[in-house]
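Chemist:
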Amino acid sequence: MLEKAPEAERGGNTYFTGGGFRFPYNGIDDIRAIIPDLSEAEVERVDVGSYPLAQFRSDLARVTDGLIDDGMASALVREAAPTMQWLHDQGIRFALMTGRQANEVDGKLVFYGGLSVEAVGAGKGLSDQQFDAAERVGVQVRYGCKVVNLQRDGRRISGVELWTDDTVEALEADAVVLAAGGFEANTEMRTRYLGPGWDMAKVRGTRFNTGDAIRAAIDAGAQPFGNWSGAHAVAWDLNAPPTGNRIVADLYQKHSYPYGLIVNLDGERFVDEGADLRNYTYARYGRAILAQPQRAAFQLFDQRTAHLLRDEYHVRQATMAQADTIAGLADALGVDVAGLERTVAEYNAACPSDGPSRFNPSALDGVGTAGIRPPKSNWALPFDAPPYLGYAVTCGITFTFGGLKIDPRSGQVLDTEDRPMPGLYAAGELVGGLFYNNYAGGSGLMAGSVFGRIAGRSAAQT
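Written as structure tokens, this is what we have:
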């Protein structure tokens with residue numbers, strides 16, 4: 014295996030994820046099959062519900078506006094649960110996502126949005142476990158190897174050209190599997206394909222995902238595919254570094270916004286914070302933040318919902334302020350005071366009087382505003398219980414949606430005439446066709462695992 018990064022920075026974007034996996038299951042027994050060490054007390058404490066195959070397929074279609082490639086979607090849904098079992102069999106350990114995907118309701122931790130399982134140790138833990146599993150079966154990992162070209166023997170891909178710190182080297186191979194991520198860390202490609210302003214976005218993950226493998230494959234005749242103007246981008250701490258910090262990892266994200274308000278520097282709301290469960294909106298709201306003045310936004314919470322804030326709000330690196338008045342909060346955050354006071358007053362007047370009695374943080378509760386734009390469609394509680402909390406965020410890009418076209422049955426890369434390219438396979442974020450405009454939480458790691466397994470199996474038979 015060739016890893017572009019040095020060993021100290023290995024793991025690509027996986028390292029920077031929360032480690033969540035979206036897959037269909039019928040109930041707690043299916044969860045226990047991959048988390049066999051769950052105690053009876055833990056089982057009694059949680060409600061994971063179920064997530065049927067049909068719901069998974071429907072969610073993928075809904076969040077991508079029906080644009081998802083049918084073959085890719087079908088393969089992902091069909092192979093997700095078997096792949097989870099396969100990962101478990103390789104020694105990957107999983108746990109329930111109690112800290113990020115569950116709220117306490119009537120004494121139980123209720124999971125929501127079809128996402129209940131994460132790798133032990135989150136993204137770092139998953140990356141380390143996968144490297145350990147590979148090395149146990151004899152995989153040799155070479156670090157600091159940047160693939161710049163694909164070698165060909167006629168139409169067959171016969172190896173790669175790579176750069177190290179010291180040399181240019183050619184390696185021959187019966188098959189090549191590309192799994193090198195998207196182009197989100199390439200400023201020029203972001204701006205060219207995503208549009209103006211994206212050169213200013215912060216990169217959530219690795220600095221090494223610069224599109225090298227995508228460009229090498231296209232130069233060799235591979236077909237570009239998918240949503241090349243789209244990307245997974247989220248609310249990210251305003252003062253986070255330009256690329257991922259391996260200590261803080263994904264804790265710069267701020268994803269409890271459905272239970273609060275989001276405003277810009279003028280104190281104005283600009284999105285429906287409660288449009289859907291967090292899992293189905295967070296990957297598109299980064300783009301909305303990027304369009305605001307100075308690429309900044311502010312997530313606001315009061316004591317009605319402060320107890321619902323996810324783990325990432327409690328790290329010391331969070332850029333936040335607290336105040337006992339709306340004016341004081343605006344002043345502390347650098348937000349226009351009159352604008353925020355007006356926005357909060359209008360929002361409070363639009364909240365339903367019976368909202369607190371109907372509020373349910375783990376479901377689309379229908380507690381919505383009336384008469385304001387944008388609306389807040391769910392979880393619209395009055396904002397009136399000090400002390401008030403505010404968190405400053407910007408746009409953090411996770412990965413790009415455009416990539417290469419593959420045959421979902423084999424993982425084989427297709428050329429511009431839809432013909433399989435002998436000897437070339439691909440998986441992960443450099444594959445296009447799955448995500449358009451938006452993304453369902455936990456489906457990225459699941460897709461990388463499903464299509465990685467398919468591609469590896471096919472390549473081994475070459």
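Using the working numbering, read the sequence shown as starting at 14 and increasing by one per residue. From the three backbone atoms N, C-alpha and C, an ideal C-beta is built for every residue, glycine too. Here the structure is a predicted model, which means the values were calculated and not measured.
1. Threshold first: 4 residues or longer. Then list the alpha helix (DSSP H) segments lying entirely within the segment 232-320, N to C.
2. With H, G and I counted as helix, E and B as strand and the rest as coil, what does DSSP make of G218?
3. Would you call N222 buried or exposed, if buried means 16 or more other Cβ atoms sit within 10 Å of its Cβ?
4. Would P65 be called buried (16 or more neighbouring beta carbons within 10 Å of its own) or exposed?
5. To the nearest angstrom, report how far apart R156 and E22 are at their CA atoms.
6. Expressed to the nearest angstrom, what Euclidean distance is found between the alpha-carbon atoms of G136 and Q143?
7. How about G457 and F414: do their beta carbons lie closer than 8 angstroms?
8. Can you tell me which of the three DSSP states Q474 falls into?
9. By Cβ distance, which residues of its chain are closer than 6 angstroms to R291, with the 5 residues on each side in sequence left out?
10. Would you mind reading off the limits of the beta strand (DSSP E) that contains V160?
11. In whole angstroms, what is the alpha-carbon distance linking G25 and D397?
12. What residue from T111, T77, Y206 has the CA that sits closest to Y452's CA?
13. What does the alpha-carbon distance come out to for the pair P254 and P95?
14. Any contact between the segment 374-392 and the segment 121-138? By contact I mean 3 or more CB pairs, one from each, below 8 angstroms.
15. As a quick exercise: from G441, T180, G436, pick the residue whose alpha carbon is nearest that of S171.
16. Would you be able to state if there are at least three C-beta pairs under 8 angstroms between the segment 284-303 and the segment 364-371?
17. Based on the DSSP output, what are the partners of N116 in its beta bridges?
18. Use the C-beta contact count for V181: other C-beta atoms within 10 angstroms, 16 or more gives buried, fewer gives exposed.
19. Hey, would you say G287 sits closer than 8 angstroms to K389, going by beta carbons?
20. Using the Cβ count rule (16 or more neighbours within 10 Å means buried), how would you classify S71?
21. Here's the rule I'm using: 16 or more other beta-carbon atoms within 10 Å means buried, otherwise exposed. How should L44 be labelled?
22. Given a cut-off of 8 angstroms on the beta-carbon distance, is the pair E359 and I339 in contact?
23. Taking one C-beta from the segment 392-410 and one from the segment 426-440 each time, how about it: are there three or more such pairs within less than 8 angstroms?
Modeler: According to the structure shown:
1. 295-303
2. coil
3. Its Cβ being crowded by 16 or more others within 10 Å, N222 is buried.
4. exposed
5. Here residue 156 is Tyr; the residue named in the question, Arg, does not match the sequence. Whole-angstrom Cα-Cα distance: 10 angstroms.
6. 11 angstroms
7. no
8. coil
9. H268, P271
10. 159-166
11. Taking the straight line from one Cα to the other gives about 43 angstroms.
12. T77
13. 38 angstroms
14. yes
15. G436
16. no
17. V123
18. exposed
19. yes
20. exposed
21. Looking at the sequence itself, residue 44 is Ile, so the reference to Leu does not match. Looking at its Cβ environment, which holds 16 or more other Cβ atoms inside 10 Å, I44 is buried.
22. no
23. no
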